[in-house]
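Asks:
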Amino acid sequence: MSHFAYLAVLVGCLIGTAGLEIFLRTRVYRRPVRLIATIIPVVVIFTLWDIYAIKSGHWTFDPRFVTGIETVGNVPLDEIFFFIVIPICAILTLEAIRSARNWLVGDEVGTNE
Amino acid sequence: MTYTEIGLLSVIAVVICDMYIFRTRLIRRRIFWASYAIIIFFQLVTNGILTGFRIVRYDADAIIGGSTPTKHAPAFIGDGRLVFAPIEDLLFGFSLVLLTLILWVWHGKNGLQRQPVSGPPVAKVAKLLRSK
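These protein sequence lines map, in sequence, to chains C and A. When you read off a place in the first sequence, starting at 1, and then add 2, the result is the number in the numbering used here. When you read off a place in the second sequence, starting at 1, and then add 1102, the result is the number in the numbering used here.
This is the structure in structure tokens:
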């Protein structure tokens, strides 16, 4: 079970923010194309950073608490999920404030640069 | 490069992306800072779990503070750490969050699933928000 400790933290983040989609109607998961288009470059850039940091010994992972599945450049699968989950939570937070407060973000209908 | 150096460079890079490349200018909007204030709180909580239980360990050569100890948790605060995590994680987190929001908003500006828009909240929550 402890092999899922890191993933459990990420699942907690998704469960914790799910209420924003439901009760504040953030509609982030209902815009999957935009969500995926946002997340892919983030995952690529931060995985590159991770590869360099792991290779240079900046940080290591306790093998007891991660799945043990490694992806490119010895990056644990858990880390890839981190780079997907945290951006989702960040977008949900921004859209939750927009829903609650109607503050401008810069992408409103009618605005175009 | 150390984690400290990469962290600083990444913050500069995302700020340049925001101001001059994608021109989303999020750092000049209160909605960004309000979002970031909420996110940083939860970052400290979740990252505190990951670093306090030493699921992720750091090397002294890469950060301002010392290495994650082998036998016990790192300092809660002090030795270049905040809630167990190296302060460099704040630079990492800021870059991750700002880059994400830049791309999200930029895609929206370009008409990629600008709709359905966020809100309004469900009736009960809306009422709760109004009463405040």
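We put the CB at the ideal spot given by N, CA and C, even for glycine. Please read these numbers as outputs of a predicted model, since none were measured by experiment.
If you count every other CB in all the chains shown that lies within 10 Å of the CB of T19(C), and 16 or more means buried, which is it?
Replies: Mapped onto the first sequence, residue 19(C) falls at position 17. T19(C) comes out buried.
Asks: Quick check on this structure: which residue in G21(C), I38(C), T95(C) has the alpha carbon closest to the alpha carbon of F1143(A)?
Replies: By 1-based counting over the second sequence, the position of residue 1143(A) is 41. Answer by Cα proximity: T95(C).
Asks: From I99(C), E110(C), D109(C), T113(C), pick the residue whose C-alpha is nearest to that of A1228(A); which is it?
Replies: For the purposes of this step, residue 1228(A) is identified with residue 126 of the second sequence, where counting begins at 1. Here the closest residue by C-alpha is I99(C).
Asks: Look up G14(C) in the DSSP assignment and say whether it is helix, strand or coil.
Replies: The residue you call residue 14(C) lines up with position 12 of the first sequence. DSSP places G14(C) in helix when its eight states are reduced to three.
Asks: Over the uninterrupted alpha helix (DSSP H) stretch that includes S35(C), give me the two end residues.
Replies: If you number the first sequence from 1, residue 35(C) lands on position 33. It should be noted that the sequence gives Val, not Ser, for residue 35(C). Looking at the DSSP string, the run of the alpha helix (DSSP H) that includes V35(C) is 34-57.
Asks: Name, going along the chain, the residues of the region 1141-1153 of chain A whose beta-carbon falls closer than 7 Å to a beta-carbon of chain C.
Replies: Taking 7 Å as the Cβ-Cβ cut-off against chain C, the residues of the region 1141-1153 of chain A that qualify are I1141, T1148, I1151, L1152.
Asks: Is it true that the CB of A1175(A) sits closer than 7 Å to the CB of G1150(A)?
Replies: Translated into positions along the second sequence, residue 1150(A) becomes position 48. Translated into positions along the second sequence, residue 1175(A) becomes position 73. Not in contact: G1150(A) and A1175(A) (Cβ atoms no closer than 7 Å).
Asks: What are the uninterrupted segments assigned as beta strand (DSSP E) that are 3 or more residues long and contained completely in the region 1127-1169 of chain A, given in chain order?
Replies: Qualifying beta strand (DSSP E) stretches, in chain order: 1158-1160.
Asks: Counting only beta-carbon atoms, is L96(C) nearer than 7 Å to chain A?
Replies: Here residue 96(C) is taken as the residue at index 94 of the first sequence, counted from 1. Closer than 7 Å: yes.
Asks: Does D1181(A) come within less than 7 Å of chain C when only Cβ atoms are used?
Replies: For the purposes of this step, residue 1181(A) is identified with residue 79 of the second sequence, where counting begins at 1. Output row for D1181(A): interface = no.
Asks: At a cut of 8 Å, does the region 39-47 of chain C reach the region 1124-1135 of chain A through at least three beta carbon pairs?
Replies: In short, these stretches do not touch, since the Cβ pair count stays below three.
Asks: Quick one: what's got a C-beta closer than 6 Å to S1112(A)'s C-beta in the same chain, skipping five residues either side?
Replies: Walking along the second sequence from the start, residue 1112(A) turns up at place 10. Taken in chain order, the residues that qualify are S1197.
Asks: Using the rule of at least 16 other Cβ atoms within 10 Å of the residue's Cβ for burial, across every protein chain shown, is I1204(A) buried or exposed?
Replies: Numbered from its first residue, the second sequence carries residue 1204(A) at position 102. Label assigned to I1204(A): buried.
Asks: Return the residue from the list R27(C), I82(C), P34(C) that minimises the CA-CA distance to A102(C).
Replies: Translated into positions along the first sequence, residue 102(C) becomes position 100. The candidate whose alpha carbon is nearest that of A102(C) is R27(C).
Asks: Determine whether the beta carbon atoms of V30(C) and E110(C) lie at a separation below 7 Å.
Replies: Within the first sequence, residue 30(C) is the residue found at index 28, counting from 1. Within the first sequence, residue 110(C) is the residue found at index 108, counting from 1. Taking 7 Å as the Cβ cut-off, V30(C) and E110(C) do not qualify as a contacting pair.
Asks: How would you call R66(C), buried or exposed, if buried means at least 16 neighbouring beta carbons within 10 angstroms?
Replies: Taking the first sequence and counting its residues from 1, one reaches residue 66(C) at position 64. The residue in question, R66(C), is exposed, as its Cβ has fewer than 16 Cβ neighbours within 10 Å.
Asks: Below 8 Å on the Cβ atoms is my guess for F83(C) versus L12(C); work out the distance and round it to an integer in Å.
Replies: To locate residue 83(C), count along the first sequence from 1; it is residue 81. To locate residue 12(C), count along the first sequence from 1; it is residue 10. 5 Å between Cβ atoms; contact.
Asks: According to DSSP, simplified to helix, strand and coil, what is I1208(A)?
Replies: Residue numbering aside, residue 1208(A) sits at position 106 when the second sequence is read from its first letter. Looking at the sequence shown, residue 1208(A) is not Ile but Trp. Of the three classes helix, strand and coil, the one that applies to W1208(A) here is helix, per DSSP.
Asks: Check whether the Cβ of W1206(A) lies closer than 7 Å to any Cβ atom in chain C.
Replies: Indexing the second sequence from 1 puts residue 1206(A) at position 104. Yes, W1206(A) lies at the interface with chain C (some Cβ there is under 7 Å from its Cβ).
Asks: Give the single residue among W1208(A), V1185(A), V1158(A), I1166(A) whose Cα lies nearest to the Cα of I1108(A).
Replies: In the second sequence, the residue the question calls residue 1108(A) occupies position 6. Nearest C-alpha to I1108(A): I1166(A).
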